[in-house]
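**Student:**
Protein chains: 2
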Amino acid sequence: MRSPDTIHIDGFGLCPLPITEHDTVQLSHGSGGKMMSRLIQDLFVWAFDNPELKRLDDCATLVMKEGSVSMSTDSFVVDPIFFPGGNIGELAVNGTVNDVAMSGARPLYLSVGMILEEGLPLSDLREIVISMRRAADRAGVTIVTGDTKVVNKGKGDKVFINTTGLGVIEHNFTIGSGCLKSGDVIIVSGSIADHGMAILSKREGLQFETPIASDTAPLNGLVESMLEAGGEAIHALRDPTRGGVAATLNEFAIASEVQIDIREETLPIKPPVSGACEFLGLDPLYVANEGKLIASVSPHAAQDVLAAMNGHEFGRDATIIGSVVDGRAGLVIMQTRIGGWRIVDTLVGEQLPRIC
Amino acid sequence: MRSPDTIHIDGFGLCPLPITEHDTVQLSHGSGGKMMSRLIQDLFVWAFDNPELKRLDDCATLVMKEGSVSMSTDSFVVDPIFFPGGNIGELAVNGTVNDVAMSGARPLYLSVGMILEEGLPLSDLREIVISMRRAADRAGVTIVTGDTKVVNKGKGDKVFINTTGLGVIEHNFTIGSGCLKSGDVIIVSGSIADHGMAILSKREGLQFETPIASDTAPLNGLVESMLEAGGEAIHALRDPTRGGVAATLNEFAIASEVQIDIREETLPIKPPVSGACEFLGLDPLYVANEGKLIASVSPHAAQDVLAAMNGHEFGRDATIIGSVVDGRAGLVIMQTRIGGWRIVDTLVGEQLPRIC
Numbered sequence: 000m001r002s003p004d005t006i007h008i009d010g011f012g013l014c015p016l017p018i019t020e021h022d023t024v025q026l027s028h029g030s031g032g033k034m035m036s037r038l039i040q041d042l043f044v045w046a047f048d049n050p051e052l053k054r055l056d057d058c059a060t061l062v063m064k065e066g067s068v069s070m071s072t073d074s075f076v077v078d079p080i081f082f083p084g085g086n087i088g089e090l091a092v093n094g095t096v097n098d099v100a101m102s103g104a105r106p107l108y109l110s111v112g113m114i115l116e117e118g119l120p121l122s123d124l125r126e127i128v129i130s131m132r133r134a135a136d137r138a139g140v141t142i143v144t145g146d147t148k149v150v151n152k153g154k155g156d157k158v159f160i161n162t163t164g165l166g167v168i169e170h171n172f173t174i175g176s177g178c179l180k181s182g183d184v185i186i187v188s189g190s191i192a193d194h195g196m197a198i199l200s201k202r203e204g205l206q207f208e209t210p211i212a213s214d215t216a217p218l219n220g221l222v223e224s225m226l227e228a229g230g231e232a233i234h235a236l237r238d239p240t241r242g243g244v245a246a247t248l249n250e251f252a253i254a255s256e257v258q259i260d261i262r263e264e265t266l267p268i269k270p271p272v273s274g275a276c277e278f279l280g281l282d283p284l285y286v287a288n289e290g291k292l293i294a295s296v297s298p299h300a301a302q303d304v305l306a307a308m309n310g311h312e313f314g315r316d317a318t319i320i321g322s323v324v325d326g327r328a329g330l331v332i333m334q335t336r337i338g339g340w341r342i343v344d345t346l347v348g349e350q351l352p353r354i355c
Numbered sequence: 000m001r002s003p004d005t006i007h008i009d010g011f012g013l014c015p016l017p018i019t020e021h022d023t024v025q026l027s028h029g030s031g032g033k034m035m036s037r038l039i040q041d042l043f044v045w046a047f048d049n050p051e052l053k054r055l056d057d058c059a060t061l062v063m064k065e066g067s068v069s070m071s072t073d074s075f076v077v078d079p080i081f082f083p084g085g086n087i088g089e090l091a092v093n094g095t096v097n098d099v100a101m102s103g104a105r106p107l108y109l110s111v112g113m114i115l116e117e118g119l120p121l122s123d124l125r126e127i128v129i130s131m132r133r134a135a136d137r138a139g140v141t142i143v144t145g146d147t148k149v150v151n152k153g154k155g156d157k158v159f160i161n162t163t164g165l166g167v168i169e170h171n172f173t174i175g176s177g178c179l180k181s182g183d184v185i186i187v188s189g190s191i192a193d194h195g196m197a198i199l200s201k202r203e204g205l206q207f208e209t210p211i212a213s214d215t216a217p218l219n220g221l222v223e224s225m226l227e228a229g230g231e232a233i234h235a236l237r238d239p240t241r242g243g244v245a246a247t248l249n250e251f252a253i254a255s256e257v258q259i260d261i262r263e264e265t266l267p268i269k270p271p272v273s274g275a276c277e278f279l280g281l282d283p284l285y286v287a288n289e290g291k292l293i294a295s296v297s298p299h300a301a302q303d304v305l306a307a308m309n310g311h312e313f314g315r316d317a318t319i320i321g322s323v324v325d326g327r328a329g330l331v332i333m334q335t336r337i338g339g340w341r342i343v344d345t346l347v348g349e350q351l352p353r354i355c
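Residue numbers (numbering that gives the first Met the number 0), protein chains in the order written: chain A, 0 to 355; chain B, 0 to 355.
1. Using a C-beta to C-beta distance shorter than 7 Å, which residues of chain B count as neighbours of Arg353(A)?
2. Would you please verify whether the beta carbon of Phe75(B) is less than 9 Å from any beta carbon of chain A?
3. Based on the DSSP secondary-structure assignment, which residues constitute the bridge partners of Tyr285(A)?
4. Do you know whose CA, among Thr95(A), Thr345(A), Arg133(A) and Pro120(A), lies nearest Asp238(A)'s CA?
5. Within the continuous beta strand (DSSP E) that includes Leu199(A), where are the two ends?
6. With 9 Å as the limit, tell me which residues of the segment 53-70 of chain A have their beta carbon closer than that to any beta carbon of chain B; keep them in chain order.
7. Using three-state DSSP, classify His170(B) as helix, strand or coil.
8. Are Val379(A) and Ile320(A) touching if we call contact CB-CB under 9 Å?
9. Using a Cβ-Cβ cutoff of 8 Å, what residues of the segment 246-260 of chain B are near chain A? List them in chain order.
10. Going by DSSP, name the residue or residues bridged to Gly164(B).
11. Distance cutoff 9 Å, beta carbons only. Does Arg237(B) sit that close to anything in chain A?
12. Please list the terminal residues of the continuous alpha helix (DSSP H) segment that includes Thr247(A).
13. Between Val68(B) and the rest of its own chain, which residues show a CB-CB distance below 8 Å, the 5 nearest in sequence each way excluded?
14. Can you list the residues of chain B that Val347(A) reaches, using a CB-CB cut of under 8 Å?
15. Which residues in chain A sit within 7 Å of Lys180(B), going by Cβ to Cβ distance?
16. Go through its chain and collect everything with a Cβ distance to Asp123(A)'s Cβ below 6 Å, but skip five positions before and after it.
17. Roughly how many angstroms lie between the CA atoms of Ile20(A) and Ile127(A), to the nearest whole one?
18. What residues from the segment 295-317 of chain B come within 9 Å of chain A, judged by C-beta to C-beta, listed N to C?
19. Reducing DSSP to helix, strand and coil, say where Met101(B) ends up.
20. With DSSP run on the structure shown, which of helix, strand or coil describes Ile354(A)?
21. Select from the segment 92-107 of chain B all residues with a C-beta closer than 7 Å to any C-beta belonging to chain A, and list them in chain order.
22. With a cut-off of 8 Å on the beta carbons, I'd call Gly177(A) and Arg54(B) a contact; round off their distance for me.
23. How long is the line joining the alpha carbons of Ile185(B) and Leu42(A), rounded to whole angstroms?
24. Using a Cβ-Cβ cutoff of less than 8 Å, which residues in the same chain neighbour Leu226(B) once the five nearest sequence positions on both sides are dropped?
25. By the 9 Å beta-carbon criterion, what residues does the segment 119-145 of chain B contribute toward chain A?
26. Which residue comes first and which comes last in the alpha helix (DSSP H) that contains Arg137(B)?
27. Check the Cβ-Cβ distances between Asn49(A) and every residue of chain D, and say whether any is below 9 Å.
28. Is there a Cβ of chain A sitting closer than 9 Å to that of Gly242(B), yes or no?
29. Quick one: Cα of Pro283(A) to Cα of Glu289(A), how far?
30. With 16 as the cutoff for other CB atoms within 10 Å, does Met0(A) come out buried or exposed?
31. Between which two residues does the beta strand (DSSP E) containing Ser295(B) stretch?
32. Which same chain residues, not among the five before or five after Asn86(A), have their C-beta less than 8 Å away from its C-beta?
33. Could you say if the segment 104-117 of chain A and the segment 141-153 of chain A meet the contact criterion of at least three C-beta pairs nearer than 8 Å?
34. Which residues in chain A sit within 9 Å of Thr23(B), going by Cβ to Cβ distance?
35. At a CB-CB cut-off below 8 Å, which residues of chain B make contact with Ser176(A)?
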């Protein structure tokens, strides 16, 4: 018997579940007995610590004000589970916080559903769970209810995490992919393709001079600043995850029956990401982001919204990349660096599976 | 090329996604491109059909009245995915409907997160999705938002489904596992151990004279009838899934710091289930149920609540199995058929993995 790992985790104190470096998830951790109770009590409830979770009922009771509630769900199956700039737990919190925020809602509550593969080191699970708590704190949301399942070795892949988020909509106009108007300005909140290239470089063991890190971040604070500055001049918000900027712009153009024109030279791309994309033959427009948003904003408010974004830590490099025009409904075109125009279509599949 | 399956599914008409018997889920179905859009539009939106989903934004906007909202999440990894009495889709809807209902809330909305394994026959997925819609209709809930991920063959197991549910609490008292009172009557809504034994017999290829079917069912209607009859005399409700009746009673006894006494001869068990348990050496108290609830009810209202349950299709065989007594906090004991008493503890692990 090795002695359990008793290292204090900064800010979290001692985990009541003793974990040695050889302890792993077992089928009985998901089977409704004492081992499951202990995992939930001594790891999840310890890390997520809040009164709603402590009741250990199968559901959380939340007091909501009258009004519109935004609900979003996402399952995370990213491979590898630890990557430069984050891990699957942080990604699962930020991803759903962002989906809720893109309706202009203020995210408040998250549920967490874990599907663990037998054999996952418990120390990895602990690290993921602590990251989730830190990410939740950073985004100002509470993890109020959860569920844990364990599947046999070889029937899952380490850990899959579903998060479902609830937020409140505190304004009385609609923000949505179907609300773009001709004349709108298209803004991206920062450099594109960071997350996808970080995952890919880790997965393929590629080394670049400047390491590429995921941009995973909660965008609800940025959205709040934008709403304060622009209000109902903000017509649509979306985080360009799977399928990248291209997929989001196409969704916008199709849902709103408008044409979107963008200019290649305005797209913010970090040099190492651009280099890696070129090296691997990938188009950064199609590579996933996890801490960026695209906004369609009425032209009269665009400069105010942009200034508000530039004043926020996650919008410092926000920039205008194009505009909504009368033209062919559903079309996205890009003026290339050399001045020609190309159609920015969505791909049939995608370049990179299991990116989030 | 085989021609796609053009069979009309009763009540659903023709699925716009043409599916031949050899079509399977591919990685590109989860990658944010056209194949994913088509799967979502032509299968999920077709089957779940509602205006909120049709907007295809990453989140649903729900109008809620002021008050308490109940939120619950559950991931389903049951193996096999099709079993006597149901399939993983129906189970995923009923399971979360039930968790929400156990707080006394009226379930209204569900999110669905699918993790599909590459190679899953699309016809199986269609059958599961249609079952989910039927189960949602039966329970009176709407599937308002969703997410689809695909993992490589061998990194998942056909399909895992997370459902997260929202309901409204329309009464002003608390129902919870910590609310049992000495003197309460313990009621079970019907025969126990059906679901677990149905899964096990299918998984192990066991054949019994009378086939054993899962009891998967939505219990929100039953809970409504009980609340009408008993109101705040209903102290606790729980569906005894993983860990069975034993786990639920132990959770009650621990959370409320009471002792619970039950009588073996009052436990409703169908003869084939009882026979199968005996044959396999399993104790039905520990076997999962998916369409049953256990209630702790004040004695003055117990007969009224029981009568209301017996008048409901999912409570016809409801019966009193025990009572809450002063005694040792956290203890559950059972008077056996021969008159002795035994402690009903929770197991360390459980008898059956991947039961739900």
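Backbone N, C-alpha and C define an ideal beta-carbon position, used for all residues, glycine too.
**Tutor:** If we stick to the structure as given:
1. Annotation: Cβ neighbours of Arg353(A) in chain B (cutoff 7 Å, chain order): Val150.
2. yes
3. Answer by DSSP bridge pairing: none, since Tyr285(A) is not bridged.
4. Minimum Cα distance to Asp238(A) is reached at Thr95(A).
5. That residue, Leu199(A), is in no beta strand (DSSP E); its alpha helix (DSSP H) goes Asp193 to Arg202.
6. Arg54, Leu55, Asp56, Asp57, Cys58, Ala59, Thr60, Leu61, Val62, Met63, Lys64, Glu65, Gly66, Ser67, Val68, Ser69 and Met70
7. coil
8. There is no way to answer for residue 379(A), as the model of chain A reaches only from 0 to 355.
9. Ala246, Glu250 and Ala254
10. Ser71(B) and Leu109(B)
11. yes
12. Gly243 to Ser255
13. For Val68(B), same chain residues with a beta-carbon under 8 Å away, outside a window of 5 residues either side, are Ala104, Leu165, Gly166, Val167 and Ile168 in chain order.
14. The contacting residues are Ser27, Gly32, Lys33 and Met34.
15. For a Cβ distance threshold of 7 Å, nothing in chain A lies close to Lys180(B): the least Cβ distance comes to about 17 Å.
16. Counting only residues of its own chain and dropping the five nearest sequence neighbours on each side, Asp123(A) has no CB closer than 6 Å to any other CB.
17. The sequence shown places Glu at residue 20(A), rather than the Ile named in the question. C-alpha separation (whole angstroms): 15 Å.
18. none
19. coil
20. coil
21. Asp98, Val99, Met101 and Ser102
22. 7 Å
23. 31 Å
24. Result list for Leu226(B): Gly103, His170 and Ile233, in chain order.
25. Using a CB distance below 9 Å, the part of the segment 119-145 of chain B facing chain A consists of Val143, Thr144 and Gly145, ordered along the chain.
26. Arg137(B) -> alpha helix (DSSP H) spans Leu121 to Ala138.
27. Chain labels in this structure do not include chain D; the protein chains are A and B.
28. yes
29. 14 Å
30. Per-residue confidence for Met0(A) stands at a pLDDT of 40, beneath the threshold of 50, marking its modelled position as unreliable; the derived number appears in the next sentence. Counting Cβ neighbours within 10 Å, Met0(A) comes out exposed, since fewer than 16 surround it.
31. Ile293 to Val296
32. Ile80, Glu126, Ile127 and Ser130
33. yes
34. Simply none; closest approach about 14 Å.
35. Arg54, Leu55 and Asp56
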